[in-house]
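Undergrad: Each residue of the sequence shown is one higher than the last, beginning at 1 in UniProt numbering. Just so you know, even glycine gets a beta-carbon here, dropped at the ideal spot from N, CA and C.
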Amino acid sequence: MTSAGASSNTAKQMSQVLRINKFKGNDVHSAFQKLNNLILSPNTMCTLKSANRLYGQKDFTFLESFLKTTKVHYQAELMPIDFKRDAENARTEINSWVSEQTNNKIKDLIAPGVLDSLIVLVLVNAIYFKGNWLSQFDPERTSLQLFHASSSESIPVDMMYQKGSFDYFKDQDLKCQVLSLPYVGNTLRMVIILPDPSSNLTNLESKINMQVITSWVKSSRKQEVHVSFPRFKLEASFDLNDHLSLMGMSDVFDVSKADLSGITESEDLYVSKVIHKAFVEVNEEGTEAAAVTAVPFGALCIEHIPAAFKADRPFIFCISDTSSGSILFLGRLVNPPKSQKRDEW
Numbered sequence: 001m002t003s004a005g006a007s008s009n010t011a012k013q014m015s016q017v018l019r020i021n022k023f024k025g026n027d028v029h030s031a032f033q034k035l036n037n038l039i040l041s042p043n044t045m046c047t048l049k050s051a052n053r054l055y056g057q058k059d060f061t062f063l064e065s066f067l068k069t070t071k072v073h074y075q076a077e078l079m080p081i082d083f084k085r086d087a088e089n090a091r092t093e094i095n096s097w098v099s100e101q102t103n104n105k106i107k108d109l110i111a112p113g114v115l116d117s118l119i120v121l122v123l124v125n126a127i128y129f130k131g132n133w134l135s136q137f138d139p140e141r142t143s144l145q146l147f148h149a150s151s152s153e154s155i156p157v158d159m160m161y162q163k164g165s166f167d168y169f170k171d172q173d174l175k176c177q178v179l180s181l182p183y184v185g186n187t188l189r190m191v192i193i194l195p196d197p198s199s200n201l202t203n204l205e206s207k208i209n210m211q212v213i214t215s216w217v218k219s220s221r222k223q224e225v226h227v228s229f230p231r232f233k234l235e236a237s238f239d240l241n242d243h244l245s246l247m248g249m250s251d252v253f254d255v256s257k258a259d260l261s262g263i264t265e266s267e268d269l270y271v272s273k274v275i276h277k278a279f280v281e282v283n284e285e286g287t288e289a290a291a292v293t294a295v296p297f298g299a300l301c302i303e304h305i306p307a308a309f310k311a312d313r314p315f316i317f318c319i320s321d322t323s324s325g326s327i328l329f330l331g332r333l334v335n336p337p338k339s340q341k342r343d344e345w
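#1: Pop quiz: residue 412 and F129 are said to be a contact at Cβ under 8 Å. What is the actual Cβ separation, rounded to whole angstroms?
#2: Hey, would you say M247 sits closer than 7 Å to V17, going by beta carbons?
#3: Please classify M1 as buried or exposed, where buried requires at least 16 neighbouring CB atoms within 10 angstroms.
#4: Per DSSP, which one or two residues make a beta bridge with W133?
#5: D259 and S15: beta carbons closer than 7 Å?
#6: Starting from the Cα of Y168, find the closest Cα among S151, S220, T202, W133 and give me that residue.
#7: Would you decide whether K277 is buried or exposed? Buried here means 16 or more other CB atoms lie within 10 Å of its CB.
#8: For residue 371, name the three-state secondary structure that DSSP assigns.
#9: Note down the Cα distance separating S96 from N103, rounded to an integer number of angstroms.
#10: With distance defined between alpha-carbon atoms, name the residue in K233, D116, M249, S324 nearest to S339.
#11: Using a 10 Å radius around the Cβ and a threshold of 16 neighbouring Cβ atoms, would you call P314 buried or exposed?
#12: Do E288 and M160 have their CB atoms nearer than 7 Å?
#13: In terms of DSSP beta bridges, what is L118 paired with?
#14: Could you pull the DSSP bridge partners for A316 from this structure?
#15: Rounded to the nearest angstrom, how far is the Cβ of Y183 from that of G113, given a contact under 8 Å?
#16: Roughly how many angstroms separate the alpha carbons of S215 and K310, rounded to a whole number?
#17: Compute the distance between the beta-carbons of H73 and Q33, then report whether it is under 7 Å.
#18: Who pairs with T10 in a beta bridge, going by DSSP?
#19: Which partner residues of M79 appear in the DSSP bridge assignment?
#20: What did DSSP end up calling A299 once you bin it into helix, strand or coil?
#21: Would you give the residue range spanned by the beta strand (DSSP E) that V227 belongs to?
#22: If you compare alpha carbons, which of F238, S320, Y55, S143 is closest to D312?
#23: Whole angstroms is fine: what's the gap from K68's alpha carbon to A76's?
#24: Which partner residues does Q177 have in the DSSP bridge list?
#25: Tell whether a beta-carbon distance below 7 Å holds between F297 and V271.
#26: So, is L300 buried or exposed, given that buried needs 16 or more other C-beta atoms within 10 angstroms?
#27: Would you call G25 buried or exposed, if buried means 16 or more other Cβ atoms sit within 10 Å of its Cβ?
#28: Excluding five sequence neighbours on each side, which residues of the same chain lie with their C-beta closer than 7 Å to the C-beta of G139?
#29: Exposed or buried, what is T10 when buried is set at 16 or more other beta-carbons lying within 10 Å of its beta-carbon?
#30: What distance in whole Å lies between the Cβ atoms of A149 and V282, which are believed to be in contact at a cut-off of 8 Å?
#31: Counting pairs of Cβ atoms below 8 Å between the segment 78 to 86 and the segment 48 to 62, do you hit three or more?
#32: Roughly how far, in whole angstroms, is the beta-carbon of L188 from the beta-carbon of P195, given that I think they are within contact range, below 8 Å?
#33: Leaving out five residues on either side along the sequence, give the residues of the same chain with a beta carbon under 7 Å from the beta carbon of D108.
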């Protein structure tokens, strides 16, 4: 949404870093609209919803062209709010809306002190997902096992287990296994990327990108797999300013360089902070996940015997749409929460 109001070098940097530079003009916003319509189809048997909203200083003037683009393509309405007189109340109101949109999974997106009287606009995107596995894990088969977080640390976790027919791929070159677990309806799936014991997550992460993940999924074949997968819950919050700047998107955070003239005629508008918070819970029944971003301005291997896929060490996971291949959530599990039954270990 922010890119809809960016111009000159600010727009160029955003386009390159966000990998949307192949689009011209409003084409990128139309493409996102079509993608959202596809992914958020009401036919899905999982709960998946996305919500966008603009919170703007009530006496600040925003360009109608920007408001039209965000409303038409992102269904983001402008909500007038008073940052000048009561920034804390504005923060509470925004957090309340986010909590409602994510089924109370993300309650405090914006921390106290982040917003002040100089803020004129906050862009918020929230996405929430809850889905049951097509083939659920039997809780009776969940057992206490060790997750090897590192060579020196092992954590007792609740390890789920099932044997079934799943899309599976073994990459001999990159030394990892790739397993897809579908959700009810087969429109969404969790893809788990597990480094071999002889490799590690850091090495693997440095060698993969979206194209590699897509090729793995396409190369996967149905086969019997012994699946051992930990039950876990993750919450994480990120300030993305430094990361985006290092990737080459720095002007938008600099009041002297930012060009957001497509949002307002004011020349001193810039992005003060990009906040992202995520929640993911995986259990025998399925997965619940939520993520919110706020931007305040101011080789195929076919096995004939069952494969063993035991996720007892750090791995990458993502939730993706089966028709488009788009990734909705992406994360890694390095230090899972200890089992509540750890005293029995």
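TA: Here's the rundown:
#1: Missing from the structure shown is residue 412; the chain here goes from 1 to 345 and no further.
#2: yes
#3: buried
#4: The bridge partners DSSP lists for W133 are Y183.
#5: no
#6: S220
#7: buried
#8: In the structure as shown, the chain begins at 1 and stops at 345. Residue 371 is therefore absent and cannot be evaluated.
#9: 11 Å
#10: Ranked by Cα distance from S339, the options K233, D116, M249, S324 are led by K233.
#11: By the 10 Å Cβ count, P314 comes out buried.
#12: Between E288 and M160, the C-beta gap is not smaller than 7 Å, which leaves the two residues out of contact.
#13: In DSSP, L118 forms no bridge with anything.
#14: It is worth fixing the name first, because residue 316 is Ile in this sequence and not Ala. I316 pairs with I193, R332.
#15: About 39 Å; that fails the 8 Å criterion.
#16: 22 Å
#17: yes
#18: The partner list for T10 (beta bridge, DSSP) is empty, contrary to what the question assumes.
#19: Y55
#20: Residue placement at A299 cannot be trusted, given a pLDDT of 41 that sits under 50; what the coordinates show is reported in the next sentence. In the structure shown, A299 sits in coil (DSSP, three-state: anything other than H, G, I, E or B).
#21: 221 to 230
#22: Nearest C-alpha to D312: S143.
#23: Each residue's Cα considered, the two are about 9 Å apart.
#24: K170, L194
#25: yes
#26: Confidence at L300 is low in this model, with a pLDDT of 39, below 50, so its placement is unreliable and the value that follows should be read with caution. Exposed, since its Cβ has fewer than 16 Cβ neighbours within 10 Å.
#27: exposed
#28: Residue 139 is actually Pro in this sequence, not Gly. Within the same chain, P139 has close Cβ partners E284.
#29: Answer is buried; the Cβ neighbour count reaches 16.
#30: Going by Cβ atoms, the distance from V282 to A149 rounds to 17 Å, so no, they are not a contact pair.
#31: yes
#32: With a Cβ gap of about 24 Å, L188 and P195 do not count as contacting.
#33: N95
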